[in-house]
Amino acid sequence: MPRSNRNRQVVPESRHMLNQMKYEIAAEFGLNVGYGGSNGADTEFGSELGAIGGSSSSRRPGWGHLTSRENGSVGGEITKRLVRNAEQSLFGRL
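To convert, take the position in the sequence shown, counting from 1, and add 12; that gives my numbering.
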């Protein structure tokens, strides 16, 4: 498959929802990444929501200062939630 098609979204309208989910999960994990959306959400209370680590020495917003493990944990949690939501939609509440 050509490289340009590897990250193409099947439903482009989902971009905002996935981006919002990414920042919400980062906040739950206590990762300080700021927020790129327009609803004003931030990660101020992330540590109160059950932090599992994070870059406490760096307080720069964005994703670049996070470790691969931290970024991967956010992506993994997004995947788990999307699969769970799809299963619930297909098979009813589990």
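All C-beta atoms in this analysis are idealised placements derived from N, C-alpha and C, irrespective of residue type, glycine included.
Roughly how many angstroms separate the alpha carbons of residue i and residue j, rounded to a whole number?
i, j, result
"Gly-88", "Gly-46", "20 Å"
Is residue i helix, strand or coil when you go by DSSP?
i, result
"Val-95", "helix"
"Gly-84", "helix"
"Arg-18", "coil"
Is residue j closer than 9 Å to residue i when the C-beta atoms are compared?
i, j, result
"Leu-43", "Leu-78", "yes"
"Phe-41", "Ser-80", "no"
Around the C-beta of residue i, are 16 or more other C-beta atoms found within 10 angstroms, so that it is buried, or is it exposed?
i, result
"Ala-38", "buried"
"Lys-34", "buried"
"Glu-36", "buried"
"Glu-25", "exposed"
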